[in-house]
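See below:
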């Protein structure tokens, strides 16, 4: 798209109350806008990043048989009463303007809703296993929401739920989801560490988190870099500096991490609450065994920025970048330069390259370069009087220092 | 996808409290699930329909320069205080579990939020015009929510907002949006009537609605079928039976309609509330002129069902159908039949035809035919011992009576 048509602009300064790196760059770049504490709008180029991440997640969820659906944000009291979670403090209540008492909680998770839905469709062991997921806004009244997209009160999440006839089958699928998650994070450019954690409000047994190491992380993790043994410090029985219990020779470290995903073996907690039973092969009745699996999509976006940036701005991995190429027209906007740059823009679009075309006039080359560094699009393509004379494009990757002049054909081979 | 893997099933009966045709068929087919009054989950095949409709809307919004973004559902009190809409009764309030007073309303529209965001990016007349839209869940505390997807308390909506330097430019764009809307509804199979209506909480001048004629409609419209003159009865100055004021010879009728979209010339109401001004070409300061434009996506889905059904079930238009073809394997599931049907299934997938494959065993032909009629997928393809012998497929369109036997190659020419 043409940058002159984008309604957002880059800002020289981030709001003073934003302390996190991700919020500073994302706000300055016009990716997000802060409406309230922990509540952000996704502006057009930020929404493109969210859609890229969501696209990767959808592919991997579909690959393990996940069926996409969409549940309500307003979850009626009856659901939370059944599971005993109505009073959980993380929830926001909702009610009509003239009503006295709240009858809804804003969905912070959907085990109850899907357990009830599933109870209408599950009758026999033959109806399982299956798994369903949604990509949807979640609401949690976080007491401290000061880390930009890392901890939101309203945030986008992918939540998957699976239904099984036995714990054994649950753990077979649990392992499939684990692999899919590691693949998702890798495709997003993140090295996620599979970490044992406590259950919280979801389950009584241990659960697992996917932690990404960064100084911005709010979690502490006890990690062995040799074998990958990893425990959330909240439950860790071992200490930093001690010997790794998982391998010979490893020494445990304490690192900071962001929890980008988590998986929960729920067992029969919710199927008991909703009388979700099935007829077994030999005619008996048993409770369905459930699992639930979350990924914070906005949080993944924020974590990527924490991991991939320098002092000038963001360095998006190619898989999640809002555009693949940033085409800059610099110097005097002669008719010839405008024509040549437009030709390249149209050629790139034609071969399917997503490109942001900085066609703004009256903006200095220095400003355009600074904006390109801030926005962090992988390939910067510069057109100027100099490159036009040589019939070439100046190409620089965001994460490299050196630019080089290339013929259009060679450029297409590189990025198309 | 294979029907045996779909976690939903068709139901023989609709819930007794559902009186509308759309809710009855959509629930029986497993497209939606009712969680609370006016609050539905979209189940996997229903979510596919929503995604089809949303895809059409996105294409047409992008074609008129709309930039997609995503705003919060939780709208802080400060926004509604600025516009004087905090106390509007349609809103649901939200608050933390331990908080005394609500500080948020669940977004039932987003003029305020986007006006504030725009105020950070608009400074000069050169920054306009532009338009931004989102596809998002909206919340309205409707007193009567008994028409299935036609009137929800939580529902999916596309809302577009435009920003202009003058009323003249607003009305130029307003007309572009009108054309885009008519195109969207037509692509969804709906004949929408452009109808003059009152402003309500949004604006002081007249606005326009897009009404689809159906007995299920809750609105009354005074219409001239000759020239298309149309007024919502709430503001109509003319009566049914009278002469059309718009043409010679037309006689006005009163019809029932569903409002699937609406467009509002907002003027400066929200730019005044948020001090959204711009510097004019000659250095003055003026308020930005805004427009807003909505389409109820769930309501479009419900309306399509009201318009396209028979006594057996839904008849989806091809553009919004959850699948293009419904492949039924009937009769004894011999190895040969299963192999041949699977081959056709894989061939269809390979050439890009979306197909639901009813591979269920132990389900009678009668049940499969009834399910196919209920689900309403445009092409029904039947494979049985009889068709295998002839090396053909039995093909029937949902809206036609007669089936015919076709060679696979001819079928591909027809639907691929």
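Chains as they are written, first to last, in our numbering: chain H, 380 to 795; chain C, 380 to 795. We put the beta carbon where it would ideally sit given N, CA and C, even for glycine.
### Query
Within this structure, are the beta carbons of residue 453(C) and residue 426(H) separated by less than 8 Å?
Result no, Cβ atoms of residue 453(C) and residue 426(H) do not sit closer than 8 Å.
### Query
Quick one: which chain C residues come within Cβ less than 9 Å of residue 653(H)?
Taking the beta carbon of residue 653(H) as reference, no residue of chain C falls within 9 Å; the closest one sits roughly 13 Å away.
### Task
Determine the extent of the alpha helix (DSSP H) in which residue 686(C) is found, giving its start and end residues.
Judged by DSSP secondary structure, residue 686(C) falls within the alpha helix (DSSP H) whose first and last residues are 676-686.
### Message
What residue range does the beta strand (DSSP E) around residue 515(H) cover?
### Response
DSSP places residue 515(H) inside the beta strand (DSSP E), whose first and last residues are 509-518.
### Query
What's the call for residue 648(C), buried or exposed, on a 16-neighbour Cβ count within 10 Å?
Result: buried.
### Query
Is residue 500(C) near residue 388(H), with beta carbons less than 8 Å apart?
Taking the C-beta atoms as reference points, residue 388(H) is found nearer than 8 Å to residue 500(C).
### Query
Are the region 526-540 of chain C and the region 687-705 of chain C in contact at 8 Å, needing three or more beta carbon pairs?
The region 526-540 of chain C vs the region 687-705 of chain C: no contact.
#### Entry: When 635(C), 733(C), 765(C), 710(C) are compared against residue 746(C), the one with the closest alpha-carbon
Ranking the options by Cα distance to residue 746(C), first place goes to 710(C).
### Query
Would you report the Cα separation of residue 467(H) and residue 733(H), rounded to the nearest angstrom?
Residue 467(H) and residue 733(H) have their alpha carbons spaced roughly 44 Å apart.
### Task
Taking only beta carbons into account, state which residues of the region 524-558 of chain C come closer than 9 Å to chain H, listed in chain order.
The region 524-558 of chain C vs chain H, Cβ under 9 Å: 532, 533, 535, 542.
### Query
Which of helix, strand or coil does DSSP assign to residue 752(H)?
If DSSP states are grouped into helix, strand and coil, residue 752(H) belongs with the helices.
### Task
Determine, using beta carbons only, whether residue 496(H) comes closer than 8 Å to chain C.
With respect to chain C, the C-beta atom of residue 496(H) has a partner C-beta closer than 8 Å.
### Message
Just to make sure I have the definition right: I need the residues of chain H whose C-beta is within less than 8 Å of the C-beta of residue 477(C). Which are they?
### Response
Under the 8 Å cutoff, chain H gives 468.
### Query
Quick one: Cα of residue 699(C) to Cα of residue 432(C), how far?
Looking at the backbone, the Cα of residue 699(C) and that of residue 432(C) are separated by about 6 Å.
### Query
In chain C, what lies closer than 7 Å to residue 448(H) by C-beta?
Residues of chain C whose Cβ lies closer than 7 Å to the Cβ of residue 448(H) are, in chain order, 420, 421, 422, 423, 426.
### Query
Counting only beta-carbon atoms, is residue 504(C) nearer than 8 Å to chain H?
For residue 504(C), the answer is no, since every Cβ of chain H falls outside 8 Å of its Cβ.
### Task
List the residues of chain C whose Cβ lies closer than 7 Å to the Cβ of residue 650(H), in chain order.
Using a Cβ-Cβ cut-off of 7 Å, residue 650(H) is close to nothing in chain C; its nearest Cβ partner there is about 15 Å away.
### Query
If you measure from the beta carbon of residue 415(C) to each beta carbon in chain H, is any gap under 8 Å?
Yes, contact with chain H.
#### Entry: Cβ neighbour criterion (16 or more within 10 Å) applied to residue 472(H)
Flag for residue 472(H) reads buried.
### Task
Return no unless some Cβ of chain C is closer than 8 Å to the Cβ of residue 724(H).
Proximity of residue 724(H) to chain C, defined by a Cβ-Cβ separation below 8 Å, is not satisfied.
### Contact with chain H by residue 742(C), beta-carbon distance below 8 Å
No - not a single Cβ of chain H is within 8 Å of the one on residue 742(C).
### Message
Would residue 759(H) and residue 751(H) qualify as a contact pair, given that the criterion is a beta-carbon distance under 8 Å?
### Response
Yes.
### Task
Run the CB neighbour count on residue 793(H), radius 10 Å, all protein chains shown included, and call it buried at 16 or more, exposed below.
For residue 793(H), the number of other beta carbons within 10 angstroms of its own is below 16, and it is reported as exposed.
#### Entry: Range covered by the beta strand (DSSP E) that runs through residue 785(H)
Judged by DSSP secondary structure, residue 785(H) falls within the beta strand (DSSP E) whose first and last residues are 783-785.
#### Entry: Closer than 7 Å: residue 543(H) CB and nearest the ligand MN heavy atom
In the structure shown, the ligand MN is absent, as is every other ligand, since no ligand is present at all.
#### Entry: beta strand (DSSP E) segments (min. 3 residues) lying fully within the region 389-473 of chain C
Runs found: 411-415, 418-421, 445-447, 453-455.
#### Entry: Reduced DSSP category for residue 527(H) - H, G, I as helix; E, B as strand; rest coil
Reduced to three states, the DSSP call for residue 527(H) is helix.
### Task
Could you check if residue 682(H) is buried or exposed, using at least 16 other CB atoms within 10 Å of its CB as the buried criterion?
It counts as buried.
### Message
Measuring CB atoms only, is the region 718-737 of chain H touching the region 674-681 of chain H, in the sense that at least three cross pairs come out at less than 8 Å?
### Response
In the pairwise beta carbon analysis, the region 718-737 of chain H is classified as not touching the region 674-681 of chain H: fewer than three pairs are separated by under 8 Å.
### Task
Give the interface partners of residue 444(C) over in chain H, defined as CB-CB distance under 8 Å, in chain order.
The contacting residues are 384.
### Query
By how many angstroms is the C-alpha of residue 610(H) removed from the C-alpha of residue 635(H)?
C-alpha separation (whole angstroms): 12 Å.
### Query
Would a check of beta-carbon distances place residue 669(H) closer than 8 Å to chain C?
No, residue 669(H) does not count as interfacial toward chain C.
### Query
For residue 483(H), which residues of its own chain have a beta-carbon under 8 Å away from its beta-carbon, when the five flanking residues on both sides are left out?
Excluding residues up to 5 positions away in sequence, 453, 454, 455, 456, 472, 473, 474 lie with their Cβ nearer than 8 Å to the Cβ of residue 483(H) in the same chain.
### Among 726(H), 667(H), 674(H), 755(H), nearest to residue 545(H) - alpha-carbon criterion
With distances taken between Cα atoms, residue 545(H) lies closest to 667(H).
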